[in-house]
Each structure stands twice: as structure tokens, then as C-alpha cells.
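K.L.:
Residue numbers (the numbering used here), protein chains in the order written: chain A, 3 to 130; chain B, 29 to 451; chain C, 4 to 230.
Ideal placement from N, C-alpha and C gives every residue a C-beta, glycine not left out.
Mind looking over this structure? Questions follow.
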Amino acid sequence: MRAYMVVLALITLILGIAEIACGFGLELSLPMPYIPSDIFGGFALLVISATFSKGALSEEPRAHLYIGSILLAIFGLLYILVFLANGLDSVILGEEWQPLGDIRPEMFILLLSIPGLLSVRKKLNENP
Amino acid sequence: MDFIDAIANARYELIGEILGKSMERTSKPKSFSDLVDIVVLDKYLGIPIFLTLMWAVFQFAFSVSVPFSDVIDMFFSFAADWAKSSISNEILASLIGDGIFGGLGFVLVFLPPIAFVFIALGILEDTGYLPRAAFVMDKAMTKVGLHGKSFIPMLLGFGCNVPAIMATRTIENDVDRKISIMVNPLMSCSARLPVYVLFAGVFFTGYEGAVIVSMYLLGIILAALMATIIRKIFFGGKPSPLLMEMPEFSVPSAKSVLNGAWIRTQIFLRKAATILFIGAVVIWLLSNFPWEATGGGEVLENSYAASIGHAVEPVIKPLGLNWKAGVALFSGFMAKEIVVGTFGILYGVNEEEIGTAILHDFNPVSALAMMAITLIYLPCLATMGVLKRELGEWKWVELVIVYELLLAYLVAAMIVGIGRLVI
Amino acid sequence: MRKVVALAGNPNVGKSVIFNALTGAKQKVGNWPGVTVEKKEGICKYKGIEFHIVDLPGIYGFTASSIDEKIARDFILQKPDVVVDIVDASNIERNLYLTMQLVEMEANIVVALNKMDLAKAKGYKINIRKLSKELGLPVIPMVAVKNEGIDDLKEAMYHVTKHGARTFLRYNDGVEEMISAVQERVIEHNLLPNYPPRFVAIKLLEGDEEILKMANFSEEVVKQWIS
Chain A
3 MRAYMVVLAL ITLILGIAEI ACGFGLELSL PMPYIPSDIF GGFALLVISA
53 TFSKGALSEE PRAHLYIGSI LLAIFGLLYI LVFLANGLDS VILGEEWQPL
103 GDIRPEMFIL LLSIPGLLSV RKKLNENP
Chain B
29 MDFIDAIANA RYELIGEILG KSMERTSKPK SFSDLVDIVV LDKYLGIPIF
79 LTLMWAVFQF AFSVSVPFSD VIDMFFSFAA DWAKSSISNE ILASLIGDGI
129 FGGLGFVLVF LPPIAFVFIA LGILEDTGYL PRAAFVMDKA MTKVGLHGKS
179 FIPMLLGFGC NVPAIMATRT IENDVDRKIS IMVNPLMSCS ARLPVYVLFA
229 GVFFTGYEGA VIVSMYLLGI ILAALMATII RKIFFGGKPS PLLMEMPEFS
279 VPSAKSVLNG AWIRTQIFLR KAATILFIGA VVIWLLSNFP WEATGGGEVL
329 ENSYAASIGH AVEPVIKPLG LNWKAGVALF SGFMAKEIVV GTFGILYGVN
379 EEEIGTAILH DFNPVSALAM MAITLIYLPC LATMGVLKRE LGEWKWVELV
429 IVYELLLAYL VAAMIVGIGR LVI
Chain C
4 MRKVVALAGN PNVGKSVIFN ALTGAKQKVG NWPGVTVEKK EGICKYKGIE
54 FHIVDLPGIY GFTASSIDEK IARDFILQKP DVVVDIVDAS NIERNLYLTM
104 QLVEMEANIV VALNKMDLAK AKGYKINIRK LSKELGLPVI PMVAVKNEGI
154 DDLKEAMYHV TKHGARTFLR YNDGVEEMIS AVQERVIEHN LLPNYPPRFV
204 AIKLLEGDEE ILKMANFSEE VVKQWIS
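If you want it as C-alpha cells, here you go:
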């Protein structure tokens, strides 16, 4: 569990920094596609990273896994909704839409939150 | 020692020895809520997590609601055009087309974001997270002279300040309560949102989200500042300690969330149907009359509205704002939702063109100043009514009005000043 | 063969549940002689023995001043074959206080350690074997409401009727000195020979009215014995 959390911490850290950097206008030639320029979004990723890293080092990693995964899932889901809303909007307005422009990493790392979410479900079912 | 005591002690002493050798006390296995609280209430992670969740709430509210707003937008545009082309009487056509459909359209376009905010907050509420947020913010809030329980009213203020101020009734201490009430109007209510969306959209394209959030943050910071100042000057002392019950975390139920959001949205709709309706008509009247002078609303400079705007202009000119902004702000006194609609009527344009229209009269700096003023300058009529009711004496209400006007001017002046240095 | 079993314990430890589990429908309710306190009795047949189960009132001690406590004490001093001491595992310290006193009365004791589920929920980990060894008594873990441990309890009752279960628990030196001093006098004067001398000694030292009266000594005299 801790190892998994460290991996997630690193991924979100890198993505977070990347998004903030893009937000400030820095051009990045990284082997990473679809990084939006989003300072606050990047900050959110850094918070998630902090949650996972603190959890990996703390006495109660489970708790941090739950929260980190939930946050990851919230944002992944959120950006998928935004993506769909943009698509719907261009249909309504009769405008052209570049779907690829709206894709962002959080949609993919959403999958990484699944193990954590399964743990949450297990824990919720366990109690009287 | 009394033998009775001696033997009682001896018995327990022996029990202790026996259990020491045969029993282990591990801490109670933690429930899901206990585990979540370890992270969510953490000294360092607590506030960042809270801010992150707030960011998610706003992203959800503003980005995902866009298609719905556009649908409403299109509907009212068609309706306005239809009215103007089908009604023979010119004045009536203008009243119904521009005044009613146009004005209402501008307002109802913001119904989706408001509804989405209520949904998102409803989810947070249903999971049981909000008391944790209040707890996490309590230390920070106490530092600026606010009671931990004012957290929820402040949060509600982001929807509408009227129910928010009424929610302060949960604060027992009178001084804590008064201070919470007096700074609540600085929490940017949903009615001010249209102004931010318009100006941020036009002058800060691509960064709207960040700019709008900054407005909200500004409101929060100013609320904290004013709470400290008001407390120092008028009351002294510190906020009383926070005692709150934390419910168990649970999975939110779609039914109760949607129900709650619907009820709160209804309040907004009812306001739209009454005050805003009246407001839209009033503004239409002021900007289209005297009818001949304005040529049926074409020549805005000759209307009553313009006279009011010109009267106010000298005050706001140093901030880069002209008489049109003056009229819009004046209309905002009645209800903040009308401000954008007023701009529409003043420029004689509909929703699509308003963006280009304001480009003529504003620049990024004055746009920021406009947003800041809208944030700060005056509570709307409905809020003033509640302020009087909850604060009791007029003197406190007057204090709010005076400090808000002064603060608004001060902040706008600072923005303009900094703007001049940077650009 | 008929054996008498007393159910003792603090209030709310699950005595009624265990009583019902042991006796089933074969119960009888009456009063303790001379008082208005309810007396529940029942029969439990196991391995050829007819256990006559008597449910004592829930008590915290055995002083003479409370009717409930006096009833329980008198019954136990009549030497039933087994005393089942029902202990609430989730409140174990407090409950063992009564156990200490039962040991002073030199009864044949089976400790029924009930509510093990609640103890676990509280995070307690009780090593039954070690506890049994430290107490010198059989300890039967149970969750009476779920019917867990009832059969083991019956087996323990059966075993004790055959082999007895008495233990001696020694307190600290200071207290033991005083008890020894009085105990010598009790034996010397042959006071209350039907009662265990250690029990009599402790009760005299505690100033128990009834025991003092029966022994026909006053508190001051007892105090002199230990000086």
C-alpha cells in the first residue's frame, strides 16, 4: 500500500508542477501530452500528492489512501464532466469543437484511484 | 489508613497485576469516520484539502453548467426577438422584448451555475464534511476574530447573503454573531457572479476561472480583515470557543442532495420572478424614457438612467468607470443580478454582443476595479432588510453601508493604482 | 444427581440471558424468604446431573447493609456446589472486584467472561489461558446473546462439581499482615466456624455489622488485634 501511494504521490507531483508551470506560460517539451495550463488545478494535484506522500510515511496509511483516492476520483470525474459539457455546448451553439484540446491527465489517472476506492467501499461495508 | 480503603486498594491492585499479565489494550479499531478525520482534520493537510474541494465545487458549478446556460440564453434571445417583431405597439414591444425577456434572460442564464453550486455544496453537506471544514477553518477564523460557527453562514453567503445572515442564529454569543453578520455581505453571493463572468470572460480570456476565484478569495480576505477591525474598534475580546458535533461520514444520497438543491434554487427563482422582474422593468423604464428623447431606447444618453449615471460619474471616473457603470451599479442596489442586464440595456445589445460592447469602455484594470466594486460596495435591498432585522439597531446597518462604500472605493483605487504601475 | 449452581455478578452483565440459556422453559419465579426481592430458579440437565440454577441479584459487593448483597452473600456462604461468576469483559476491572470477594469467600467459582464481542470492539485482547492461570480459576469466554459459550459453561460447571475450583489470591503484604493477625484470633476463638476464617477476618476488619454481631466482638477489639 505504501509503495503504491509513493508512486501516486510522484505522479501527481510531476503533473501538478507541470500544470502550474504551463499556467505561468512556460513552454514545456516534456514527453507528456495534454497538460493544461491551470494553476489551481495544478495546486489541487499537489495537495493530492502531499496527501499520498504524508500517508506513505505516517502510521495510518489507509486513511490517506482513502482521501487521496477520493480526491483523485473527484477531479477525474469532474474533468470528464467538463469535457462532456464542452462537447454538448458546441453542439448547442453549432460551433466546432476540438475534443483533444479538452483532454487532461486527471481523466486517466482517475483509473489509479480505483484500488483506493475499492478499499473505501470495503471499509464502509465492514462496520455495523 | 482505614482497613476498608486498604483492602479495596489491595483488591484493585491485584486485579491490575492479573490483567497486566493477561490482557492487552489496543486502541479501539478505527471506524471509517475516524480514519477520514485523521487526514481531513490534519494540522497541515486540513486547510489545503478544504481549498481543493472548494476549487472542485466552483469548477463543477461554472464549467459543467455552461451548456445549460447557453440553452436558456438562446431561448430568451429568440423570445425577445419574436416579441419585438410580432408586437405592433413599439413601446410595448420594447418593454416585453428588451425589458422583460431580455432582462429576465440575462438573469436566468445564471440559474444553472447557481443550481450546480447548490448541488455541490449539498453533496459536501450530505457526506458530513462541512463540520470538519468548519473545524479546520476555526483556528484560522478565530485568529481574525470570527467564531468557528460563522463558517457555514459564510459559505452560504456564496449562494445568497439573505439566508446566510439568517443562518448566523446558530451562534450563541451576541458579539460573535454581530460580527459574522456584518462581514457576511463581503462573501460574494451568486448574484455578483454574472458581473465577474462577463468581465473576466472579456478581459481575461483563458484565465476566467482564476480571476473569478480571486474575487471570491478577495471577499474572504476582506471579510477576515473587517472582522478583525470591527472587533478591535467596537467590541474587544476574542471569539468564544467552538463546540460542534461531528456526524459520522456517510455516502451522500442523490435524493436528498437534489432535493436540497432544488429548494435552494427555488428561492433564487422566486426572487427572479418578483424583485428581478420589477427591477428589469424599472431599469427598462429608466433607460428608455423619455421615449421621444431617446428615440425608443436608441439614444441612451438622453434617458433618465443616463442622468443618474452622470450624477454618479464624477465619483467613479478616477477608477476608470463611466456613467454607464454608474447606472449599472445603481441598479445593483436593488438586486445585484440586474447589473449585467442593465449593461445590456444601456448598450442596447443582447447577450452575444455585450462582450464586445464593453470592450469600448473598459480595459483589464477598470474591469478588475468594476468587479471589486461589485464585490464590496453595497448590500442589495433584500440583504439590507435582513441586516436590519438581525442586527436590530440601525447604527450597525449604517456601519455596514459606510464601511462597504469606503472599502469598495479604496480597493478599486488600489487596483487602479497598481494597474498604472504595472502597465 | 442434584447440584446447586448460583449465578452471581454485577448488574447488567447478561445474567438473565445466561440464566435463560441454561434453564430454558424450566424456570420458577418467587421471592427470597422474608423479603420482596425476586428469586429466579431453574433446572439445567447436563451429563446426568440436574443443575439447580439460582439467579442471585446483581450486586457490586457483599456488605450487610444492602438487602440484595445480603441475600447473595448468605446464599453463597451456604456453599452451593458452583458459583458462576458472570464478568462483563468490556468492563473487566470493575467486574473482577466482585470476583476478588468471591475468592475471599472460598467458593467454587467458574468465571463466565461474557460480552467478549463488546470487549473486542473496545480493542481489548484478553488471553483466556493466562487469565485463568493468574486467577487460578476456569474462565469461559462467552457472547451469551449470540448463544456462544453456553455449552462450554455447562461443561465447566460439570467439571467443577466433580473436581472443585477454589483458589487463593494474595494481596499486598501490609493488608495480608492485618488479615493474618485477625485470622489467627478467629481460629483461636473458633468464631463462626461455618464460614471461611479468611472471610470472617476480612469482614471483621471491614467492620461488617452482621459478622461483628455474630462473633460477638466490637470493632475496637478487632482494631486492637492488629496493633
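With distance defined between alpha-carbon atoms, name the residue in I443(B), P159(B) and E421(B) nearest to P346(B).
P.N.:
The residue with the shortest Cα to Cα distance from P346(B) is I443(B).
K.L.:
Between which two residues does the beta strand (DSSP E) carrying C188(B) extend?
P.N.:
Counting along the chain, C188(B) falls outside any beta strand (DSSP E), and DSSP gives it neither H nor E.
K.L.:
Would A397(B) and L349(B) be called neighbours here (beta carbons separated by less than 8 Å)?
P.N.:
Cβ atoms of A397(B) and L349(B): closer than 8 Å.
K.L.:
Measuring alpha carbon to alpha carbon, tell me which residue in I257(B), V211(B), G229(B) and A36(B) is nearest I248(B).
P.N.:
The option with the nearest alpha carbon to I248(B) is V211(B).
K.L.:
Check whether the segment 142 to 152 of chain C and the segment 115 to 127 of chain C touch, using three or more Cβ-Cβ pairs below 8 Å as the test.
P.N.:
Contact between the segment 142 to 152 of chain C and the segment 115 to 127 of chain C is present, because at least three Cβ pairs lie under 8 Å.
K.L.:
Buried or exposed, going by whether 16 or more other CB atoms sit within 10 Å of the CB of P130(A)?
P.N.:
In this prediction, P130(A) scores a pLDDT of 49, lower than 50, which makes its location untrustworthy; no coordinate-derived value is stated.
K.L.:
State buried or exposed for D91(C), treating a residue as buried only when at least 16 other CB atoms are found within 10 Å of its CB.
P.N.:
D91(C) comes out buried.
K.L.:
Look at S494(B) and P141(B) and say whether their C-beta atoms are less than 8 Å apart.
P.N.:
Because chain B in this structure spans residues 29 to 451, residue 494(B) falls outside the shown range and cannot be described.
K.L.:
Residue range of the alpha helix (DSSP H) that Q81(C) falls in?
P.N.:
That residue, Q81(C), is in no alpha helix (DSSP H); it is neither H nor E in DSSP.
K.L.:
Within the same chain, show all residues whose beta-carbon is closer than 6 Å to that of M165(B), passing over the 5 residues directly before and after it, in chain order.
P.N.:
The residues are F179.
K.L.:
Under 8 Å, with one C-beta from each stretch per pair, do the segment 244 to 262 of chain B and the segment 9 to 27 of chain C reach the 3-pair mark?
P.N.:
These segments do not touch.
K.L.:
Using a cut-off of 9 Å between C-beta atoms, extract the partners of I79(C) located in chain B.
P.N.:
Ordered by position in chain B, no residue passes the 9 Å Cβ test against I79(C), which lies about 17 Å from the chain.
K.L.:
Indicate the three-state DSSP secondary structure (helix, strand or coil) for K133(C) in the structure shown.
P.N.:
K133(C) falls in the helix class under three-state DSSP.
K.L.:
Just the C-alpha distance for I16(A) and I69(A), rounded to the nearest angstrom, thanks.
P.N.:
Taking the straight line joining both Cα atoms gives about 19 Å.
K.L.:
So with CB distances below 7 Å, who are the chain A contacts of D98(B)?
P.N.:
Simply D91, I94 and L95.
K.L.:
Please state the DSSP three-state secondary structure of E276(B).
P.N.:
E276(B): coil per DSSP, three-state reduction.
K.L.:
Kindly provide the ranges of any alpha helix (DSSP H) runs that are 4 or more residues long and lie completely inside the segment 133 to 212 of chain B, ordered along the chain.
P.N.:
Segments of the alpha helix (DSSP H) lying fully in the segment 133 to 212 of chain B: 139 to 155, 157 to 171, 179 to 185, 189 to 194 and 202 to 211.
K.L.:
Does the distance from the CB of R169(C) to the CB of E109(C) come in under 8 Å?
P.N.:
Yes, they are a contact pair.
K.L.:
Using the rule of at least 16 other Cβ atoms within 10 Å of the residue's Cβ for burial, across every protein chain shown, is N88(A) buried or exposed?
P.N.:
Buried: at least 16 other Cβ atoms inside 10 Å.
K.L.:
Compare the C-alpha of V9(A) against each of E21(A), I22(A), T53(A) and Q100(A) and name the closest.
P.N.:
For the residues E21(A), I22(A), T53(A) and Q100(A), the minimum Cα distance to V9(A) belongs to T53(A).
K.L.:
Does any residue of chain B bring its CB to less than 8 Å from the CB of T53(A)?
P.N.:
For T53(A), the answer is yes, since a Cβ of chain B falls inside 8 Å of its Cβ.
K.L.:
On the premise that V8(C) lies in contact with V87(C), defined as a C-beta separation below 8 Å, what is that separation, rounded to the nearest angstrom?
P.N.:
V87(C) to V8(C), Cβ: 6 Å. Contact.
K.L.:
By DSSP, does P130(A) sit in helix, in strand, or in coil?
P.N.:
Any reading at P130(A) needs caution, since the residue's pLDDT is 49, under 50, leaving its predicted position unreliable; the model's value is listed next. Coil, per DSSP.
K.L.:
For the alpha helix (DSSP H) holding F171(C), just list the boundary residues, first then last.
P.N.:
No alpha helix (DSSP H) holds F171(C); DSSP gives it neither H nor E.
K.L.:
Is the beta carbon of G61(C) closer than 8 Å to that of N13(C)?
P.N.:
Cβ atoms of N13(C) and G61(C): closer than 8 Å.
K.L.:
Can you tell me the Cα-Cα spacing of G176(B) and S278(B), whole angstroms?
P.N.:
Straight-line Cα distance between these residues: approximately 23 Å.
K.L.:
With DSSP as the reference, label K364(B) as helix, strand or coil.
P.N.:
K364(B) falls in the coil class under three-state DSSP.
K.L.:
Just tell me which of V145(B), M102(B) and L47(B) has its CA closest to the CA of K133(C).
P.N.:
Comparing Cα-Cα distances from K133(C) to each of V145(B), M102(B) and L47(B), the minimum goes to L47(B).
K.L.:
Which of the three DSSP states, helix, strand or coil, is assigned to V377(B)?
P.N.:
V377(B) falls in the coil class under three-state DSSP.
K.L.:
Excluding the 5 residues flanking S281(B) on each side, which residues of the same chain have their C-beta closer than 8 Å to its C-beta?
P.N.:
D154.
K.L.:
Give me the chain B residues within the contact set of Y49(C), using Cβ-Cβ distance strictly less than 7 Å, ordered along the chain.
P.N.:
Here the premise fails: no neighbours, minimum Cβ distance about 28 Å.
K.L.:
Between I193(B), A308(B) and D389(B), which lies nearest to A410(B) when the distance is taken from Cα to Cα?
P.N.:
Minimum Cα distance to A410(B) is reached at I193(B).
K.L.:
Counting only runs that start and end within the segment 230 to 292 of chain B, where is the alpha helix (DSSP H) found for 4 or more residues in a row?
P.N.:
If we require 4 residues or more, the alpha helix (DSSP H) runs fully inside the segment 230 to 292 of chain B come out as 236 to 258.
K.L.:
Are the beta-carbon atoms belonging to A15(B) and G131(B) less than 8 Å from one another?
P.N.:
Nothing about residue 15(B) can be read from this structure; chain B reaches only from 29 to 451.
K.L.:
Output needed for L297(B): all residues of its chain with C-beta closer than 8 Å, excluding positions within five of it in sequence on either side, in chain order.
P.N.:
Taken in chain order, the residues that qualify are L139.
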